[in-house]
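Everything in the sequence shown is counted per the working numbering, starting at 5 for the first residue and increasing by one. The C-beta atom is built at its ideal place from N, Cα and C for all residues, glycine as well. If you're wondering where the values come from, they're calculated on a predicted model, not measured in any experiment.
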Amino acid sequence: EAICKNPELWKKTYPHPTFVDLLKNVERMLAGSKSPVWIHGAYGTGKSQCAYTLKRILEVPEAELREYWEDDRYKHVFQTNANKDLLSRLLGHKERKIVTAYRYASGGINGTRDLLLAVQDSVKAALVEAGVSYQGENTLRDSVIAWLEDPLNKKHFDEYLQLPEFSSRFSQSTADEVLKDLHKGGELKELMENIFYLSDKRGITAFELNTDRLIDWLNDIINKNEIKIVLIWDEFSSYFKNNRNSLDEFQKIASLAQSTAFYFVVVTHQTSSVITNSQDQAWKVVQQRYEFTEITLPDSIAFDLIGSALEVNPAAKSTWESTANNLYALVPESSRAVMQMASITNDEVIKKIMPIHPYAAMVLKYIAEAFEANQRSMFDFIKTADNEDVKAFQWFISNTATDDERPLLTVDLLWNFFYEKGRNNLTADIQSILDTYPRQQNLSRKEQSVLKTILIIQAIDQRTGNQIELFRLTDKNLSLAFEGISELEGNAAVSIAKKLVNDGVLIKRKIGNNQEVYAVVALAGDQAKIEKNKNDLRSSLTTAKLIAECDLASVLPLTPALKLRFDIDPPNGKLLTASAGSDFTRLLTSLKSKDYGWRFIAVLCFAKDDTEVPLFRKAIEQAAASEDYKHIIFIDALSTPLGSDAFERYVEFQAMSMYYSSNDKDLARKYAKDAQNILDTEWKNSIEKGAFIVYTAANRAGERQPNATGVISTLHSLALTKYPIALDFHK
């Protein structure tokens, strides 16, 4: 959002090696390699910035692109022998007209129709913005409008809208009202879903939404206008999470690059977190369609990016250069150590990041990568506006003078932004260390600074597997972290750390090579207990227990009328639930001859992870096909399992809550809340937005619904079909 709001921000994208690789892969794509590009990478690596810059490179005029290419900050990268022809090749493609569509986020895309409509809407908007005259007469929505404007079709549609099955879905009462809303435009997703539902039920093939029709539309536009279309879809990871079992249509759209000039470029997190089962045949086909480009952030490039992000007022440039030199002179040893670690050979790189302490800059890069969301990247820390409530870089600039006792932004000053304001998005391993700080009382200001620094560096050291020498909390490294801070440099910080050891707040432990490091007491000797808690939880947390803990029986928002017909726990609106294996078998046995009279029996089925899905779905299909269970409505929510990654994070938080339950009730409650948020916020909300399959006596093969709203509409229709004059279901 921040990138899109500032259309000139793309010009500040530093052309680091992986970004240049991305441009080269895109150039090959446009030249006819027949493989669109898949951009992926860890949080905080600048994927979104790279994707948006790609969009702008493809659409801005030649003069503006040359201006970026020849910028003094970047030309040493672009003018190398390896890259010098890249600009001319890109300009050659641009001369043949490229229309670039851009879309962000995919959490609301559930099923093929959502995907097709989103692709069409994005491309259509890009065509309008680019001034392309011919936009295809037979769009999916336009086809509906054209069909409804026929008098005979309108008459039939009016008749359909009077049927209880459809009147309960549509807020419109007549075909004219539907036409009015379609012509008006805006948010029409729900209306289009209802129209397609009616068309499926009544066999109106003119409304049929399918991939082939979209492909024909795209081909028509590309051929008539002699253009290339690039659709860049950022934050596409959620699509794969919500639609992991229905990738065939997606890969058909992606494969268009093999036959026409339509390139579906997706941007996701690292593929290891997106592709949950690389051996799955559908995933294999998808992967074969793409050229993968990973955006990474080497340490040396991170420093270049930080330096580029710090803007100096042009009027104060000469004054600042002198100030930066003076600040740099305060940190010779830490600069040397950081430059060696990050393979930086030019000391101007360190000068450009002033007044950020070089040690803090290195920590900044690694702690930003420990976040599970984009809210706390390196760039957010630098760009967040001066605000007393969020103490980030600009707050430091506003509140610090160059002649202060602490003129450098040190590691401890990362605490507010990344922990106090960002704790909920930190990974559990980082949280478990930083959470020990609030337990300490009556610390002096200097002790607070030293302890915060030790905790942050210990967390990063653990995160990086104790592989980086600079993050080992030796006396030497602690001194480096405070170099240039008169009250804490030299042995001052070390003396405070030793006092904290004597006070029982910290310990020193041997790590080999005659080295000792500082560590927080709370976890130093108790990691074995935490690991035991994790193992116990992994073995005891069945899917059925997770369903109960998450209260998934209430995941469908039953209306008051539906509660009377389906509720097993009046008036809370809950359905029966089932998990795979013996739990499902027991439930079927108990319901085999159950008679609820005028009420309905519906069973919601869930899975913990992908491994449970295939056999459980087969068991559901067999039960739905059996005469013994024709009175049961089976609702398959297996397309949205909790997932192994989310389960592990839940286990970690619960294990920490168990650990602290006997010695810190507040912290135990905090971890328990973090664990519950994974179930409630991540899983339950995802299920409600995700796809379902509903099996009924009238449809033993199952009917796919795009989200919980679709399931509710189906339950309404079932009730009205059986009880057509029930007063509680009529408007």
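Check: Please report the straight-line C-alpha distance between Gln-379 and Leu-368, rounded to a whole angstrom.; Outcome: Caution applies to Gln-379, whose pLDDT of 49 falls short of 50 and renders its modelled position unreliable; the model cannot decide the point.
Check: For Val-698, tell me which candidate among Cys-609, Gln-398, Asn-689 has the shortest Cα-Cα distance.; Outcome: Cys-609
Check: Buried or exposed, going by whether 16 or more other CB atoms sit within 10 Å of the CB of Thr-718?; Outcome: buried
Check: On the DSSP bridge assignment, give the partners of Leu-235 in chain order.; Outcome: Ala-105, Phe-268
Check: Determine the burial state of Gly-516: buried for a count of at least 16 other Cβ atoms within 10 Å of its Cβ, exposed for fewer.; Outcome: exposed
Check: Could you tell me which of Leu-646, Tyr-600, Gln-709 sits nearest to Ile-639, measuring between CA atoms?; Outcome: Gln-709
Check: Return helix, strand or coil for Asn-703, following the three-state DSSP convention.; Outcome: coil
Check: With contact counted as at least three CB pairs below 8 Å, one residue from each stretch, are the segment 18 to 29 and the segment 238 to 256 in contact?; Outcome: no
Check: Using a Cβ-Cβ cut-off of 6 Å (strictly less than) and excluding sequence neighbours within five positions of Ala-286, which residues of its own chain qualify?; Outcome: Leu-251
Check: To the nearest angstrom, how far is it from the Cα of Phe-397 to the Cα of Val-290?; Outcome: 42 Å
Check: With a threshold of 8 Å on Cβ separation, who are the neighbours of Ser-102 within its own chain once the five nearest residues in sequence on each side are excluded?; Outcome: Looking at the sequence itself, residue 102 is Ile, so the reference to Ser does not match. For Ile-102, where only same-chain residues beyond five positions count, the Cβ hits under 8 Å are Leu-34, Leu-62, Glu-63, Ile-231, Lys-232, Ile-233, Val-234.
Check: Looking only at its chain, what residues have a beta carbon closer than 6 Å to the beta carbon of Thr-116, apart from the 5 residues adjacent to it on each side?; Outcome: Glu-253
Check: For Glu-295, list the residues DSSP reports as bridge partners.; Outcome: Val-41
Check: When we look at the beta-carbon of Phe-696 and count the other beta-carbons within 10 Å, is it buried (16 or more) or exposed?; Outcome: buried
Check: Cα separation between Asp-632 and Gln-626?; Outcome: 11 Å
Check: Let's see if you can read the secondary structure: which residues bound the beta strand (DSSP E) around Gln-83?; Outcome: Premise fails: Gln-83 is in no beta strand (DSSP E) and is neither H nor E.
Check: Tell me whether the beta-carbon of Asp-278 lies closer than 8 Å to the beta-carbon of Lys-51.; Outcome: A small fix is needed here, since residue 278 is Val in this sequence, not Asp. Contact: no.
Check: Which residue marks the beginning of the beta strand (DSSP E) containing Phe-638, and which one marks its end?; Outcome: 636 to 640
Check: Leaving out the 5 sequence neighbours to the left and right, which residues in its chain are closer than 8 Å to Asp-613 when beta-carbon positions are compared?; Outcome: Pro-645, Leu-646, Gly-647, Ser-648, Phe-651
Check: By the three-class DSSP mapping on this structure, what secondary structure does Thr-582 have?; Outcome: The question names Thr, but residue 582 in the sequence shown is Ala. The answer is strand: DSSP assigns Ala-582 an E or B state.
Check: Might you give, ordered along the chain, the residues of its own chain that have their beta carbon closer than 8 Å to the beta carbon of Leu-459, omitting 5 neighbours on each side?; Outcome: Ile-437, Leu-438, Thr-440, Tyr-441, Val-524
Check: Can you give me the start and stop residues for the beta strand (DSSP E) that Glu-520 sits inside?; Outcome: 519 to 524
Check: Hey, out of Gln-462, Gln-255, Gln-166, Ile-489, whose CA is closest to Thr-178's CA?; Outcome: Gln-166
Check: Reducing DSSP to helix, strand and coil, say where Gly-516 ends up.; Outcome: strand
Check: Tell me which residues share the same chain as Arg-410 and place their Cβ nearer than 6 Å to its Cβ, disregarding the 5 neighbours each side in the sequence.; Outcome: Ile-489
Check: Thinking C-beta only, is Ala-313 closer than 8 Å to Phe-383?; Outcome: yes
Check: To the nearest angstrom, how far is it from the Cα of Arg-603 to the Cα of Asn-214?; Outcome: 37 Å
Check: Starting from Leu-607 and walking both ways along the beta strand (DSSP E), at which residues does that stretch end?; Outcome: For clarity, residue 607 is Val in the given sequence; the question names Leu instead. Counting along the chain, the beta strand (DSSP E) containing Val-607 begins and ends at 605 to 609.
Check: To the nearest angstrom, how far is the alpha carbon of Asp-732 from that of Asp-224?; Outcome: 49 Å
Check: Going by DSSP in three states, Arg-217 sits in which element: helix, strand or coil?; Outcome: helix
Check: Once DSSP output is grouped into helix, strand and coil, what is the label at Phe-23?; Outcome: helix
Check: Just to confirm, is the Cβ distance from Trp-237 to Ser-110 under 8 Å?; Outcome: yes
Check: Considering only the beta carbon of each residue, do Asp-571 and Leu-562 sit closer than 8 Å?; Outcome: yes
Check: Could you spell out where the alpha helix (DSSP H) holding Arg-173 opens and where it closes?; Outcome: Counting along the chain, Arg-173 falls outside any alpha helix (DSSP H), and DSSP gives it neither H nor E.
Check: Let's test the definition: count the other Cβ atoms within 10 Å of the Cβ of Ile-729 and tell me whether it reaches 16, buried, or not, exposed.; Outcome: exposed
Check: When you compare each of Phe-620, Ile-637, Thr-615 to Leu-595 by their alpha carbons, which one comes out closest?; Outcome: Ile-637
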